[in-house]
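The sequence shown runs -33 to -1, 1 to 662 under mature numbering (1 follows the signal peptide of the UniProt record, and there is no 0).
What follows is a single structure, written as structure tokens, with notes after it.
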Amino acid sequence: MRSIHRIRLSALTAGLTAATLVLSTLVAGPAGAADAVHDPIVEMPVQSRLGLVLTEYASFPQSSPIPAPTDQRLMRTARINTIMELPDGSGRRAVPDLNGHLYLVRDGAPYVYLDVADTFAPRFFSGRGLGQGFGYVAFHPEFGTNGRFYTIHTEQASLAVKTPDYAQANSIYHGVITEWTATDPAADTFSGSRREVLRIGFGGQVHGIQEINFNPTARPGQRDYGMLYLAVGDGGTGVRNTEPQNLGMVHGKLLRIDPQGTDSANGQYGIPADNPFVGQAGALGEVYALGFRDPHRFSWDPATGRMFLGHIGEHAIEAIYEVRAGDNFGWSEREGAFVFDKAGSACDKLLPLPADDARYGYTYPVAAYDHNPPPGWNCTGDVGVAVAGGFVYRGNELPALKGKYVFGDLVDGQVLYTEANEMRRGHDLATIHRLALFNAAGQPVRMQDLSGPGAPGNPERVDLRFGTDAAGGLYLLAKANGKVWKVTGTREFADGDVGGTKLHKPSGPDSWTPVTPSKWQFDRDEVILAEAGVSRPGPRRPFEYAVVTDGPQWSSVEIEADVRLDTPVEVSNRDVIVVFGWRSDTEFYYAHLSTDNTILPHNGIFKVDNADRQRIDYQWNGRSRGANPAIVDADWHKVRVVHLPATGEIAVYVDGKKDPLMTAKDTTFGSGRVGFGSFDNIGRLRHLTVTGTPA
């Protein structure tokens, strides 16, 4: 389990009543900048040995924002937001493109079902703000017979011909919910009628209505059947005000309405009688939960009916919440499980929770990760981190995924999971695991490898989204190049057969060749680097190491040994390395095992190829963090390194854990020797066993 800055959430939410949760608008006083929390979630996601096999399912044509954007992040191939199966038994899937088209997909082939942009021209616009345009579609559970579905689109306020039902001051755009009724639900293009259900004005161009949906676990006759949920953001203004806490406003709320009712203020929808704030003075009956900044995506666990919501943070926290009626998630008095100090300096926004936090009645995340900005960050710029909510897998085709909530980061395309049964309110954060990814041919890939080709704008920005079908199958979407992949299998990273040849406990100076023999000692089974190395001419690489010259060179190989750092623990950047694929002093791989994971040269997998060492592992976030520290004490630690040159898979395991600490893919060196060493620290190795295939 992961902790938030060593605060146990169970002490924060135990015993809260629904009334306490929903009525509180009190704010804890700032604790002062001296108490500011700058690294709220220390742990990085744990790399999983489990991987998803992704097979391309559909590809969508180029679309263009209206008007032409000034923000280059909007320049994508197709700004596709999700994929879902129509609830009519036809097997067709629906895909909305923010730039205006509603596509249906049959057997992987997309076609335009409805042109939302053209219907609402010239008011429709998608060229300002990352979520503007035709944002989402939701099909009524009885679409096959009643033909009803619902859409979100945005209109420029200055061109709109209708007044919003609810609005922030100085609204610049409207988010509009429309009900469509198809004359023939089975037709491949829309023909029928439409009516406006709800119109909301926003004072900023971000954090609008992000998703609308029906609870797929509700059955006819149940209270939730046919109720439409709307995730409404704060319009980007909540960082400066308390509107997300104001029950008299829809902004920063999750709404729940009956689209077939008529008792709302505008008479176009109903307010369910079992909504938590119905009848409360000053509160809107539509509100189901409050305290949101950007409630991006939500879904229900098919097995339990629990609702999970991915929430994009402001300063540092990307969160998954379990949502229940009446919950208050705290924004903008809280960000995650921290006080958000609106009056604080740009770098001191997060403060610890007060001792009496329980009286405020906020609900905190069940899983979360933080931004880990780069050194020198000005505390206001976009770090490029945003959670993409996903789905709990309950299908039958992928048993290894059963019970896992699969989600990710929409910017860099990391695909993550937590165990649904670990996501428990009032407990420590559930452990977040990073999934490995493979293409249909079984080759390890990153999402950037799949989404970058053909992508306009920044090819490293994936713009990842998730979708599902009626059987519970999972899909990944990338706006970058407008493609959709289906998860067609699972496999484990670096699980191939390395071969059966063994080299057991090579010891003594006759079995090893050090860079500087005088710095080494050999004591029975122990190989000891007794004196720190020094920088040498040539490319930047480990200062001191020894390679095993006993036995063959190895192609596929598994290296197992115990290692210990003898440099005092007070030294922050202490390290040892395990060498493999060694061809020469300027051609080899090494796994860097360090106490520090905050700078590029530490705690990762590296390649020296007649040039300065290059980091190649998947765990470095590109800014400021790598894998969780490998060694933080003076104890012995079991290390296992697996290298499969045929696929380039490299995995590094520590302390017998089933999941690797680090992974990489590189095919530069197909064979070589193994070894041990450090940059400028001292340490030792024992019980070395090498198993593999001689080159």
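Note that beta-carbon positions come from the ideal geometry of N, C-alpha and C, so glycine has one too.
Quick caveat, the model's predicted, so the values are computed rather than measured.
(1) Tell me, to the nearest whole angstrom, how far the beta carbon of residue 194 is from that of residue 225; I am working on the premise that it is less than 8 Å.
(2) CB-CB under 6 Å to residue 329, same chain, minus the five flanking residues each way: which ones, in chain order?
(3) Tell me the rounded alpha-carbon separation between residue -6 and residue 644.
(4) Go ahead and label residue 24 buried or exposed: buried means 16 or more other beta carbons lie within 10 angstroms of its beta carbon, across all protein chains shown.
(5) Using the Cβ count rule (16 or more neighbours within 10 Å means buried), how would you classify residue 312?
(6) Should residue 310 go down as buried or exposed, given a rule of 16 or more other Cβ atoms within 10 Å for buried?
(7) Is residue 129 buried or exposed, if buried means 16 or more other CB atoms sit within 10 Å of its CB?
(8) Below 8 Å, how does it come out for the region 205 to 216 and the region 227 to 240: are there three or more Cβ pairs, yes or no?
(9) Less than 8 Å between C-beta atoms, sequence neighbours within five positions excluded: which residues of the same chain meet that for residue 489?
(10) I'd like the list of long-range same chain contacts for residue 593, defined as Cβ closer than 6 Å, with 5 residues on each side in sequence excluded.
(11) In terms of residue numbering, what span does the beta strand (DSSP E) encompassing residue 320 cover?
(12) Let me make sure I understand the geometry here. Which of 482, 615, 619 has the alpha-carbon closest to that of residue 607?
(13) Measuring only the C-alpha atoms, how far is residue 576 from residue 514?
(14) Would you mind sorting residue -8 into buried or exposed? The rule is 16 or more other CB atoms within 10 Å of its CB.
(15) Can you tell which of 161, 285, 278 has the C-alpha that lies nearest to the C-alpha of residue 145?
(16) Whole angstroms are fine: how far does the CA of residue 277 sit from the CA of residue 555?
(17) Does the region 444 to 461 come close enough to the region 39 to 59 that 3 or more CB-CB pairs lie under 8 Å?
(18) For residue 648, tell me which candidate among 567, 360, 638, 561 has the shortest Cα-Cα distance.
(19) Beta-carbon separation of residue 666 and residue 429 under 8 Å?
(20) Quick one: complete beta strand (DSSP E) runs, 3+ long, within the region 386 to 418?
(21) Against chain B, with Cβ distances strictly below 8 Å, would residue 20 count as a contact?
(22) Using only CA atoms, which one of 536, 522, 552 lies nearest to residue 659?
(23) How would you write the range of the beta strand (DSSP E) that residue 658 sits in, first residue to last?
(24) May I have the straight-line CA-CA distance separating residue 253 from residue 457, to the nearest angstrom?
(25) Starting from residue 180 and walking both ways along the beta strand (DSSP E), at which residues does that stretch end?
(26) At 4 residues or longer, and completely inside the region 202 to 286: list those alpha helix (DSSP H) runs for me, N to C.
(27) Rounded to a whole number of angstroms, what is the C-alpha to C-alpha distance between residue 103 and residue 65?
(28) When the Cα atoms are used, what is the spatial distance from residue 469 to residue 657?
(29) Hey, is the region 610 to 625 in contact with the region 499 to 510, meaning 3+ C-beta pairs nearer than 8 Å?
(30) Which stretch, first to last residue, makes up the alpha helix (DSSP H) that contains residue 83?
(31) Taking the alpha-carbon positions, what's the residue 461 to residue 627 distance?
(32) Taking 8 Å as the cut-off, does the region 13 to 32 touch the region 401 to 421 (at least 3 CB pairs, one atom from each stretch)?
(33) Alpha carbons only, please: which of 40, 109, 30 is nearest the one belonging to residue 70?
(34) Taking the straight line between their C-alpha atoms, what separation do you get for residue 558 and residue 3?
(35) What residue does the alpha helix (DSSP H) around residue 110 start on, and which one ends it?
(36) Quickly, what does DSSP pair residue 168 with across the bridge? List them, please.
Taking the geometry as given:
(1) 6 Å
(2) 295, 297, 301
(3) In this predicted model, residue -6 has a pLDDT of only 44, less than 50, meaning its place in the structure is not dependable; the value taken from the coordinates is given anyway. Roughly 52 Å between the two C-alpha positions.
(4) buried
(5) exposed
(6) exposed
(7) exposed
(8) no
(9) 474, 475, 476, 479, 495
(10) 564, 570, 571, 586, 587
(11) Counting along the chain, residue 320 falls outside any beta strand (DSSP E), and DSSP gives it neither H nor E.
(12) 619
(13) 17 Å
(14) Note that residue -8 scores a pLDDT of 39, beneath 50, so its modelled location is shaky; the value from the coordinates is reported in the next line. It counts as exposed.
(15) 161
(16) 42 Å
(17) yes
(18) 561
(19) One cannot answer for residue 666 here, as it falls past the ends of the chain, which runs -33 to 662.
(20) 400 to 405
(21) No chain B is present in this structure, which holds just one protein chain.
(22) 522
(23) 650 to 661
(24) 41 Å
(25) 176 to 181
(26) none
(27) 8 Å
(28) 6 Å
(29) no
(30) 83 to 86
(31) 10 Å
(32) yes
(33) 30
(34) 35 Å
(35) 110 to 113
(36) 134, 141
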